[in-house]
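**Q** Per my numbering, numbering through the sequence shown is continuous, rising by one, with the last residue being 544. Below are the structure tokens for one structure; questions will follow.
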Amino acid sequence: MAEVITMPRLSDTMTEGKVSKWHKKVGDAVKEGDILAEIETDKAVQDFESEINGTLLYIGVEEGAQAPVDSVLAVIGKEGEDISALIGGAKSEEKKVEEEHKTENQSTAVENNEESVSTDIPEGVEIITMPRLSDTMTEGKVAKWQKNVGDAVKEGDILAEIETDKAVQDFESEFDGTLLYQGVGEGDAAEVDKILAIIGPAGTDVSGIVSGGSKKAAAPITEAKAETKTEEKQESAPVAASSTGDRVAISPLAKKIAQDKGIDFASIKGSGENGRIVKKDVENYQPSAQPAAASAPKAISAQPSVAFTPGEDSETPNSQMRNVIAKRLAESKFTAPHYYLTVEINMDKAIEARKEMNSVPDTKVSFNDMVIKAVAIALRKHPQVNSSWAGDKIVHHGNINVGVAVAVPDGLVVPVLKNTDYMNYNEISAAVKDMAGRAKTKALKANEMEGSTFSVSNLGMFGIETFTSIINQPNSAILSVGAIIEKPIVKNGQIVVGNTMKLSLACDHRVIDGATGAQFLQTLRTYLESPLTLLLG
Numbered sequence: 008m009a010e011v012i013t014m015p016r017l018s019d020t021m022t023e024g025k026v027s028k029w030h031k032k033v034g035d036a037v038k039e040g041d042i043l044a045e046i047e048t049d050k051a052v053q054d055f056e057s058e059i060n061g062t063l064l065y066i067g068v069e070e071g072a073q074a075p076v077d078s079v080l081a082v083i084g085k086e087g088e089d090i091s092a093l094i095g096g097a098k099s100e101e102k103k104v105e106e107e108h109k110t111e112n113q114s115t116a117v118e119n120n121e122e123s124v125s126t127d128i129p130e131g132v133e134i135i136t137m138p139r140l141s142d143t144m145t146e147g148k149v150a151k152w153q154k155n156v157g158d159a160v161k162e163g164d165i166l167a168e169i170e171t172d173k174a175v176q177d178f179e180s181e182f183d184g185t186l187l188y189q190g191v192g193e194g195d196a197a198e199v200d201k202i203l204a205i206i207g208p209a210g211t212d213v214s215g216i217v218s219g220g221s222k223k224a225a226a227p228i229t230e231a232k233a234e235t236k237t238e239e240k241q242e243s244a245p246v247a248a249s250s251t252g253d254r255v256a257i258s259p260l261a262k263k264i265a266q267d268k269g270i271d272f273a274s275i276k277g278s279g280e281n282g283r284i285v286k287k288d289v290e291n292y293q294p295s296a297q298p299a300a301a302s303a304p305k306a307i308s309a310q311p312s313v314a315f316t317p318g319e320d321s322e323t324p325n326s327q328m329r330n331v332i333a334k335r336l337a338e339s340k341f342t343a344p345h346y347y348l349t350v351e352i353n354m355d356k357a358i359e360a361r362k363e364m365n366s367v368p369d370t371k372v373s374f375n376d377m378v379i380k381a382v383a384i385a386l387r388k389h390p391q392v393n394s395s396w397a398g399d400k401i402v403h404h405g406n407i408n409v410g411v412a413v414a415v416p417d418g419l420v421v422p423v424l425k426n427t428d429y430m431n432y433n434e435i436s437a438a439v440k441d442m443a444g445r446a447k448t449k450a451l452k453a454n455e456m457e458g459s460t461f462s463v464s465n466l467g468m469f470g471i472e473t474f475t476s477i478i479n480q481p482n483s484a485i486l487s488v489g490a491i492i493e494k495p496i497v498k499n500g501q502i503v504v505g506n507t508m509k510l511s512l513a514c515d516h517r518v519i520d521g522a523t524g525a526q527f528l529q530t531l532r533t534y535l536e537s538p539l540t541l542l543l544g
């Protein structure tokens, strides 16, 4: 049987390839290991070898032409074999692409030269696509299917648990019917907008839709609702839930209002039926600072240890989070011109202030909380640092939302404290501990990791005195916080024992000039060396 050879992805950044030269022509015999063509990528020209034996029956990309990754490059099979069914999809795709350039409103769109036929969708059938559950998500992984093919599905039922680059989230159905098809296997990943599932009346034939390709050929894309993954699921409707990742009964309108206001609706007590949270509960919600339990996880933890066996190599498959971290940090490092400023802070007065604050009942403020508060107030005085590069303009943010880097087993996440400059120490402390704890169980909501305007990374608890960080775009700066070190210092002309801490500020030179970054650090130093000045901020 003939096999379709697609344009390979020969580098991690390759999106399309150019055929520099064909080494075989249609009708030539091909053996495994023979060089079919020379492919030019974004980095180099590489020989492309055949992995199968047969005859070259079709060339999908002419010499000197380009094509996207995964589009049809060639077809290899038995001499004289009919391949019209295979190349028909490719030819019709080329025709459709040309038509798209001529027509604004095209009813059918096909990607990457995948075989596609216009299929009428049976009545009552709904195609569910892989949703975009975060602003950086490009593909999702099905961690677990909660429904199997043939199962009845009701609106609100959890279809599957989807692992994004940031968290594992429950994926709910918006339709009633029967699960007719699963487009992504458990443990497999798929790009955003690829077919995830098909729901419709029991017994409906959807083979025509499935054979049309992995993207929906016609009809608007429908996304299901997403809720943060729960650690424990209850069959009965839950009443008010804490911020530990339990599912929360909330109306869609109330949920939207809460997300728009940046409110953690898990902390709201519902007044509706069975404790369901409704609109008025969100509108009347008044946050209160609740100190986290003493057993709350630390804000930062190391990656899990890897077993070492002498003489044996081992591999760890990359998670979705690790792949996205690699991509985003590389993009930040190579697109934003970083420079670094370092300052040493005398923390003696901050230590005294913290002792006094923690002497108050039900108060537990860390030095990291004090740094975050000082950063937020300093950003008010230096709005240029609270800005983002946007190509032909610089966006000066009206809100101060500080992201706090938290290490988790799969990598790194950055929960965001919305309107940090309006939060007091107790609110900052409770929020950081709560979100850091939920980050480790992948129970953070997507909106809790979006919208940061500045970031803070702290490795002081590991004894690291000084380090530099890569900017978390679209931010234009990130502050690296080191350990407080007791050492000799000069004070009033005398050598005395003091406590110092080093801060390093990484800046995007496109947005923040050196003098601006230095002035921001001067203000930050003033706030930390004289904590009472924060009350005047």
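Just so you know, even glycine gets a beta-carbon here, dropped at the ideal spot from N, CA and C. Every value quoted in this text rests on a predicted model; they were computed, and no experiment measured them.
Could you check the C-alpha separation between S218 and A446 for me, to the nearest Å?
**A** Their backbone Cα atoms lie some 39 Å apart in a straight line.
**Q** Who does V549 pair with in a DSSP beta bridge?
**A** Residue 549 cannot be examined here, being either before or after the span of the chain that is shown, 8 to 544.
**Q** Can you tell which of L43, G40, W29 and D89 has its C-alpha closest to the C-alpha of A72?
**A** Checking every option, the nearest Cα to that of A72 belongs to W29.
**Q** Quick one: Cα of M14 to Cα of K371, how far?
**A** Answer to the nearest angstrom: the Cα atoms are 58 Å apart.
**Q** DSSP state of E322, grouped into three classes?
**A** The answer is coil: DSSP assigns E322 none of H, G, I, E or B.
**Q** Taking only runs of the alpha helix (DSSP H) that begin and end inside the region 342–420, which ones reach a length of at least 4 residues, in chain order?
**A** List check, alpha helix (DSSP H) in window: 355–365 and 374–388.
**Q** If you count every other CB in all the chains shown that lies within 10 Å of the CB of M8, and 16 or more means buried, which is it?
**A** Flag for M8 reads exposed.
**Q** In chain order, what residues of the same chain lie with their CB nearer than 8 Å to the CB of V76, ignoring the 5 residues before and after it?
**A** Excluding positions up to five away in sequence, the list reads T13, M14, P15, R16, M21, T22, E23, G24 and N119.
**Q** With burial defined as no fewer than 16 other Cβ atoms inside 10 Å of the residue's Cβ, what is the status of K494: buried or exposed?
**A** K494 should be labelled exposed.
**Q** Any idea if T460 is buried or exposed, counting beta-carbon neighbours within 10 angstroms, 16 or more meaning buried?
**A** T460 comes out buried.
**Q** To which residues of the same chain is M377 closer than 8 Å at the C-beta, ignoring the five residues directly before and after it?
**A** Cβ within range, chain order: A357, A360, R361, Y432, L535 and P538.
**Q** For D271, count neighbouring C-beta atoms within 10 Å of its own C-beta (all shown protein chains included) and say buried if the count is 16 or more, exposed if not.
**A** When all chains shown are included, D271 counts as buried.
**Q** For the alpha helix (DSSP H) that Y65 lies in, which residues bound it at each end?
**A** Here Y65 belongs to no alpha helix (DSSP H); instead the beta strand (DSSP E) covers G61 to I66.
**Q** Can you name, in chain order, every residue of its own chain whose Cβ lies under 6 Å from the Cβ of I275, other than the five neighbours on each side?
**A** Excluding sequence neighbours, I275 sits near I284, D288 and Y292.
**Q** Per DSSP, V504 forms a beta bridge with which residues?
**A** Answer is P495, bridged to V504.
**Q** Per DSSP, which one or two residues make a beta bridge with T185?
**A** DSSP, once it has assigned bridges, lists A159 and G207 as partnering T185.
**Q** Just the Cα atoms here: how many angstroms apart are S214 and K425?
**A** Each residue's alpha carbon lies about 47 Å from the other.
**Q** Below 8 Å between beta carbons: does that hold for I435 and K388?
**A** It is not a contact, given that the beta carbons lie outside the stated cut-off.
**Q** Return the bridge partner residues of T145 from the DSSP annotation.
**A** Per DSSP, none; premise fails for T145.
**Q** Can you give the Cα-Cα distance for G64 and S91, rounded to whole angstroms?
**A** Reading off the sequence, residue 64 comes out as Leu, not Gly. For L64 and S91, the distance between alpha carbons rounds to 10 Å.
**Q** How long is the line joining the alpha carbons of V409 and N330, rounded to whole angstroms?
**A** In a straight line, the C-alpha of V409 is about 24 Å away from that of N330.
**Q** Grab the span of the alpha helix (DSSP H) containing S214 for me, first residue to last.
**A** Counting along the chain, the alpha helix (DSSP H) containing S214 begins and ends at S214 to S218.
**Q** Counting Cβ pairs, one atom from each stretch, are 3 or more of them under 8 Å apart for the region 499–509 and the region 329–345?
**A** Contact between the region 499–509 and the region 329–345 is absent, because fewer than three Cβ pairs lie under 8 Å.
**Q** I need the DSSP call for S308, collapsed to helix, strand or coil.
**A** Residue confidence is low: S308 scores 48 on pLDDT, short of 50, so the model does not pin down where it sits. No coordinate-derived value is stated.
**Q** Verify whether the separation of the beta carbon atoms of V26 and V79 is less than 8 Å.
**A** No, the Cβ-Cβ distance between V26 and V79 is not below 8 Å.
**Q** To the nearest angstrom, how far is the alpha carbon of E45 from that of V33?
**A** If I take the Cα positions, the gap works out to 16 Å.
**Q** Is the separation between the beta-carbon of I206 and that of G192 shorter than 8 Å?
**A** For I206 and G192, no; Cβs fall outside 8 Å.
**Q** Express the C-alpha separation of G147 and G163 in angstroms, rounding to a whole number.
**A** Going by the C-alpha atoms only, they are around 20 Å apart.
**Q** Would you call N479 buried or exposed, if buried means 16 or more other Cβ atoms sit within 10 Å of its Cβ?
**A** Buried, by the Cβ-count rule.
**Q** For S366 and T342, I'd like the C-alpha separation in whole angstroms.
**A** For S366 and T342, the distance between alpha carbons rounds to 47 Å.
**Q** Can you look up K38 in the DSSP assignment and give me helix, strand or coil?
**A** Correct three-state label for K38: coil.
**Q** Between the Cα of S462 and the Cα atoms of L203, K286 and N393, which residue gives the shortest distance?
**A** It is N393.
**Q** Compute the Euclidean distance between the alpha carbons of T136 and D417, then round it to the nearest angstrom.
**A** Going by the C-alpha atoms only, they are around 26 Å apart.
**Q** Please determine, among Q391, T427 and D158, the residue with the shortest C-alpha to C-alpha distance to I519.
**A** Closest option to I519, Cα to Cα, is Q391.
**Q** So, at 6 Å on beta carbons, what are the nonlocal neighbours of E88 in its own chain, with the 5 sequence-adjacent residues on each side left out?
**A** Once the five neighbours on either side are set aside, the close Cβ partners of E88 are A9.
**Q** Does the Cβ of A412 have 16 or more other Cβ atoms within 10 Å, making it buried, or fewer, making it exposed?
**A** Buried, since its Cβ has 16 or more Cβ neighbours within 10 Å.
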